[in-house]
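What follows is a single structure, written as structure tokens, with notes after it.
Protein chains: 2
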Amino acid sequence: MSLKINCLIAQSGGPTTAINSSLAGVIHQALQSTNVDKIYGSLNGIQGVLKDDLIDLTETFHIDSNNLSTLINTPSMFLGSCRYKLSDPLVDDSDYRTIFQLFSNYNIKYFFYIGGNDSMDTVNKLSSFALKHNIDVRVIGIPKTIDNDLTCIDHTPGFGSAAKYIASSILEISHDAYIYDTKSVSIVEIMGRNAGWLTAASALARTGYSDAPHLIYLPEHPFSTASFVNDVREQLQKRNHVIIAVSEGIKDPAGKYISANSTGTDQFGHVMLSGTGKYLENLIKNTINCKVRSIELNVLQRCASHISSRTDLDEAYELGKKAFNLADQGETAKMATLTRTSNIPYTVTYGSTNVSNVANVEKCVPREWITVSGNDVTKELVDYIYPLIQGEVPLTYHNGIPAYLSVDHLFR
Amino acid sequence: MSLKINCLIAQSGGPTTAINSSLAGVIHQALQSTNVDKIYGSLNGIQGVLKDDLIDLTETFHIDSNNLSTLINTPSMFLGSCRYKLSDPLVDDSDYRTIFQLFSNYNIKYFFYIGGNDSMDTVNKLSSFALKHNIDVRVIGIPKTIDNDLTCIDHTPGFGSAAKYIASSILEISHDAYIYDTKSVSIVEIMGRNAGWLTAASALARTGYSDAPHLIYLPEHPFSTASFVNDVREQLQKRNHVIIAVSEGIKDPAGKYISANSTGTDQFGHVMLSGTGKYLENLIKNTINCKVRSIELNVLQRCASHISSRTDLDEAYELGKKAFNLADQGETAKMATLTRTSNIPYTVTYGSTNVSNVANVEKCVPREWITVSGNDVTKELVDYIYPLIQGEVPLTYHNGIPAYLSVDHLFR
Numbered sequence: 001m002s003l004k005i006n007c008l009i010a011q012s013g014g015p016t017t018a019i020n021s022s023l024a025g026v027i028h029q030a031l032q033s034t035n036v037d038k039i040y041g042s043l044n045g046i047q048g049v050l051k052d053d054l055i056d057l058t059e060t061f062h063i064d065s066n067n068l069s070t071l072i073n074t075p076s077m078f079l080g081s082c083r084y085k086l087s088d089p090l091v092d093d094s095d096y097r098t099i100f101q102l103f104s105n106y107n108i109k110y111f112f113y114i115g116g117n118d119s120m121d122t123v124n125k126l127s128s129f130a131l132k133h134n135i136d137v138r139v140i141g142i143p144k145t146i147d148n149d150l151t152c153i154d155h156t157p158g159f160g161s162a163a164k165y166i167a168s169s170i171l172e173i174s175h176d177a178y179i180y181d182t183k184s185v186s187i188v189e190i191m192g193r194n195a196g197w198l199t200a201a202s203a204l205a206r207t208g209y210s211d212a213p214h215l216i217y218l219p220e221h222p223f224s225t226a227s228f229v230n231d232v233r234e235q236l237q238k239r240n241h242v243i244i245a246v247s248e249g250i251k252d253p254a255g256k257y258i259s260a261n262s263t264g265t266d267q268f269g270h271v272m273l274s275g276t277g278k279y280l281e282n283l284i285k286n287t288i289n290c291k292v293r294s295i296e297l298n299v300l301q302r303c304a305s306h307i308s309s310r311t312d313l314d315e316a317y318e319l320g321k322k323a324f325n326l327a328d329q330g331e332t333a334k335m336a337t338l339t340r341t342s343n344i345p346y347t348v349t350y351g352s353t354n355v356s357n358v359a360n361v362e363k364c365v366p367r368e369w370i371t372v373s374g375n376d377v378t379k380e381l382v383d384y385i386y387p388l389i390q391g392e393v394p395l396t397y398h399n400g401i402p403a404y405l406s407v408d409h410l411f412r
Numbered sequence: 001m002s003l004k005i006n007c008l009i010a011q012s013g014g015p016t017t018a019i020n021s022s023l024a025g026v027i028h029q030a031l032q033s034t035n036v037d038k039i040y041g042s043l044n045g046i047q048g049v050l051k052d053d054l055i056d057l058t059e060t061f062h063i064d065s066n067n068l069s070t071l072i073n074t075p076s077m078f079l080g081s082c083r084y085k086l087s088d089p090l091v092d093d094s095d096y097r098t099i100f101q102l103f104s105n106y107n108i109k110y111f112f113y114i115g116g117n118d119s120m121d122t123v124n125k126l127s128s129f130a131l132k133h134n135i136d137v138r139v140i141g142i143p144k145t146i147d148n149d150l151t152c153i154d155h156t157p158g159f160g161s162a163a164k165y166i167a168s169s170i171l172e173i174s175h176d177a178y179i180y181d182t183k184s185v186s187i188v189e190i191m192g193r194n195a196g197w198l199t200a201a202s203a204l205a206r207t208g209y210s211d212a213p214h215l216i217y218l219p220e221h222p223f224s225t226a227s228f229v230n231d232v233r234e235q236l237q238k239r240n241h242v243i244i245a246v247s248e249g250i251k252d253p254a255g256k257y258i259s260a261n262s263t264g265t266d267q268f269g270h271v272m273l274s275g276t277g278k279y280l281e282n283l284i285k286n287t288i289n290c291k292v293r294s295i296e297l298n299v300l301q302r303c304a305s306h307i308s309s310r311t312d313l314d315e316a317y318e319l320g321k322k323a324f325n326l327a328d329q330g331e332t333a334k335m336a337t338l339t340r341t342s343n344i345p346y347t348v349t350y351g352s353t354n355v356s357n358v359a360n361v362e363k364c365v366p367r368e369w370i371t372v373s374g375n376d377v378t379k380e381l382v383d384y385i386y387p388l389i390q391g392e393v394p395l396t397y398h399n400g401i402p403a404y405l406s407v408d409h410l411f412r
């Protein structure tokens, strides 16, 4: 009988272009470990564990294989996702019993969950349950979210690539807007319910010749439509083309979302938004007589792997490796983290934190990194994001489009 | 006194990522010509000629200079644009007298206008006026438009890069959509008022593992909302995630735009659209109980130079060179064209056509290249687009974002 153990990986929450790089990092380390026999993937996050819907990754990936390097560059989530919240085990422990029974059936001793703060809630609950019931399964969280809203980590994998996409796209949108000699306003709506990190990244579009975006509005600062219209009027005095970056999650001074048509709430009670940019477009149309366009970057900001940040994918990979090492060293209830040790030159170290510190906590942009007027960000914030978008990822193209790894196992 | 002549270049209409490559082609050829002294650029199209708003390009660009190669990769329009329609000279010839007086003042003998079918109307009128009044100025059109709706040419520069962006983005959007195990519909709205070429390019997103988009609707086929809802229902029987590509310009059987909120007409009488995708999103929400999202690719499909087609930029460059050669050989009232001489291997030859054949004419997708059901395109159409998106353009990045050529002369 083999003394080797098996490990299981799952992904949860919203997509990023870096989350598969973390998956690749775990697989890489597990393949090299003499302790590990099989590497399993759970389809659709913890739901795949509950439904016994696992796939064997051991045969698919080999060290230095094309599949592993293609996985790093493939957007979104190779193992699929879910938004499933485990109940309090004191109220209902049926999910927990199902999960740990499956772990036992498959001899799974290490479980890795790659996700954001909701997913860290799952890591926290499962590891606490295992510790309480003396179950020998190590549960480790691996951070990811384009929103960069996790605590206990300098920044999150996925954020740098989204930031690079946003900054590059805003520069391109500016070139597009600058061509006419008539006045125009372009409003770019960027993801972020409560944290404005992604919208702040738009400031990195500024070059020696283009200072767009000229106005930046984050959800951390109360949004006044009257001040907004004044800001735009002022900018139109100075230039023909005003480019504006605005977070989908901007709120009025009473804390209500500006979005014209909020469409409900998700399972975690988050308001689902759409239409902030469109609302502001109509506002400018009705108050200022000039051409206005709103552009919603939409899901491409989290899935455009054709313009990922090298720094981001490399760090995501290292966090995957670190997570495996933590489990292998006997740790549980931890999330792999990174700490910035220097900004110029940019260096980081990898470590861990108790996952209970991270679960369900949201890290917003500090007020002092937003200008007093509330319509721009400070140099400190730009300096913070700057290293995270550096470096490009050479992609292979097939038939003129990026060659990504097949995800047909998600269609069964 | 020098016997050398000067030449002038201007750009007009909507942006593409290839129009600066044509500009670079003209400059390249003019720099090599022993006939040419100065190369001028007119800012904001023909309006710059009317306002005597020219810049001297001779000093900015040199053969094999970094500026010339950066210009090729820079999105949108280095010289700015306009949407200005010359009046019939029999009704009012004041613009014509202003323009040819400026040409005389600057010793401009060759005038190149890079644009779409509206711009070719300008080329046609100016060259006819010059011929009629025995003015020795040669006027040559250079085609560009992401819409691919010009006649007398196999396809237009700008289309291939937009098609590559659209196909790549649809693949990435599909990866993003595939991750949940619940039913969802994603509607991607693509540019094209009357011609569906760009929307058809979405079919090139299909890979060995992903057959998205599952439904494609072009403006050339009458759009029925009832059939659309049935199509979506049928697709949802077969798969969890339905990805739909739809042209902004789809029209009902009576010829009226489906777009919920058309916002007026532009100077050429074109209806300005927004919201087709949003309208269909609401339609599906109200008829089928599943998650729906609409994504408008918006201006990025015409300005995302970070994912241009090598084939497209090369052809745009060659058309610029061809246009110069036409003028240099004594031609006028022509548009430079390209003809596909073979599909496998893909080859083209460069030639010319009388610009009067092209002005104000729109080339739509032939009915036989749309499936009978009207919700997909045929293999012939895919085979036609396929070569145009091939090849990538290595970009230089600076500070993590693409390094484009400064357009600060547009802000004066």
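Going down the list, the protein sequences come from chains U and S.
Heads up: the first sequence at position 34 corresponds to 34 in the UniProt record's numbering, and the numbers run straight through without jumps.
Heads up: the second sequence at position 119 corresponds to 119 in the UniProt record's numbering, and the numbers run straight through without jumps.
For each residue, glycine too, the CB sits at the ideal point set by N, CA and C.
From a predicted model like this one, the values you see are computed outputs, not experimental measurements.
Hey, would you say residue i sits closer than 9 angstroms to residue j, going by beta carbons?
i                     : j                : result
Ala203 (chain U)      : Val365 (chain U) : no
Ser42 (chain U)       : Phe324 (chain U) : no
Ala205 (chain S)      : Gln301 (chain S) : no
Tyr180 (chain S)      : Ser81 (chain U)  : yes
Ile146 (chain S)      : Thr199 (chain S) : no
residue 434 (chain U) : Asp92 (chain U)  : Here chain U has residues from 1 to 412 only, and residue 434 (chain U) is not among them.
Tyr40 (chain S)       : Leu50 (chain S)  : no
Any beta-carbon of chain S closer than 9 angstroms to the one on residue i?
i                : result
Met335 (chain U) : no
Pro402 (chain U) : yes
His306 (chain U) : yes
Asp176 (chain U) : yes
Pro345 (chain U) : no
Glu172 (chain U) : yes
Phe112 (chain U) : no
Ile389 (chain U) : yes
Phe268 (chain U) : Model confidence at Phe268 (chain U) stands at a pLDDT of 49, short of 50, so the residue's coordinates are unreliable; what they give is reported in the following sentence. No - not a single Cβ of chain S is within 9 angstroms of the one on Phe268 (chain U).
Cys7 (chain U)   : no
Counting only Cβ pairs nearer than 8 angstroms, list the residues of chain S close to residue i.
i               : result
Ser21 (chain U) : The premise fails here: Ser21 (chain U) is roughly 14 angstroms from chain S at the closest Cβ pair, so nothing lies under 8 angstroms.
Please tell me whether residue i has its Cβ less than 9 angstroms away from any Cβ of chain U.
i                : result
Met191 (chain S) : no
Glu392 (chain S) : yes
Gly255 (chain S) : no
Leu204 (chain S) : yes
Ser309 (chain S) : yes
Met120 (chain S) : no
Tyr350 (chain S) : no
Tyr386 (chain S) : yes
Phe411 (chain S) : yes
Please compile the residues from chain U whose C-beta is within a distance smaller than 9 angstroms of the C-beta of residue i.
i                : result
Ser168 (chain S) : Ala304, His306, Tyr397, Gly400, Ile401 and Pro402
Ser406 (chain S) : Thr207, Gly208, Tyr209 and Ser210
Leu102 (chain S) : Correct list: empty, because the minimum Cβ distance to chain U is about 17 angstroms.
Arg367 (chain S) : By Cβ distance, chain U contributes nothing, its closest Cβ being about 26 angstroms from Arg367 (chain S), past 9 angstroms.
Leu131 (chain S) : Going along chain U, no residue has its Cβ under 9 angstroms from Leu131 (chain S), so there is no contact; the nearest lies around 30 angstroms.
Under 9 angstroms between beta-carbons, which chain S residues line up against residue i? List them in chain order, please.
i                : result
Ile295 (chain U) : Glu296, Asn298, Val299 and Leu300
Under 7 angstroms Cβ-Cβ, which residues of chain B neighbour residue i?
i               : result
Asn66 (chain S) : Here the protein chains are U and S, and chain B is not one of them.
Give the interface partners of residue i over in chain S, defined as CB-CB distance under 7 angstroms, in chain order.
i                : result
Cys290 (chain U) : Correct list: empty, because the minimum Cβ distance to chain S is about 13 angstroms.
Ile284 (chain U) : Here the premise fails: no neighbours, minimum Cβ distance about 13 angstroms.
Tell me whether residue i counts as near the ligand MN, meaning its Cβ is closer than 8 angstroms to at least one heavy atom of that ligand.
i                : result
Val232 (chain S) : With respect to small molecules bound, the structure shown includes none, and the ligand MN cannot be examined in it.
So residue i contacts chain U; which residues on that side make the cut at Cβ distance below 8 angstroms?
i                : result
Leu81 (chain S)  : Residue 81 (chain S) is actually Ser in this sequence, not Leu. What Ser81 (chain S) touches in chain U: Ile179 and Tyr180.
Ser126 (chain S) : Checking the displayed sequence, the identity of residue 126 (chain S) turns out to be Leu instead of Ser. Those do not exist, as Leu126 (chain S) stays about 20 angstroms from chain U at its closest Cβ, beyond 8 angstroms.
Residues in the region 145-163 of chain U having any Cβ partner in chain S nearer than 8 angstroms: none
Contact list for the region 208-240 of chain U against chain S, Cβ threshold 8 angstroms: Gly208, Tyr209, Ser210, Arg239 and Asn240
Within the region 281-365 of chain S, ranges of the alpha helix (DSSP H) (whole runs, at least 4 residues): 300-303 and 310-328
Sequence ranges, beta strand (DSSP E) only - wholly within the region 62-133 of chain U, length at least 3: 108-115
Positions along the region 9-33 of chain U whose CB lies within less than 7 angstroms of some CB in chain S: Pro15
Unbroken stretches of the beta strand (DSSP E), 3 residues or longer, contained in the region 171-210 of chain U: 184-190
Residues of the region 44-76 of chain U whose Cβ lies closer than 8 angstroms to any Cβ of chain S, in chain order: Asn44, Gln47, Thr74, Pro75 and Ser76
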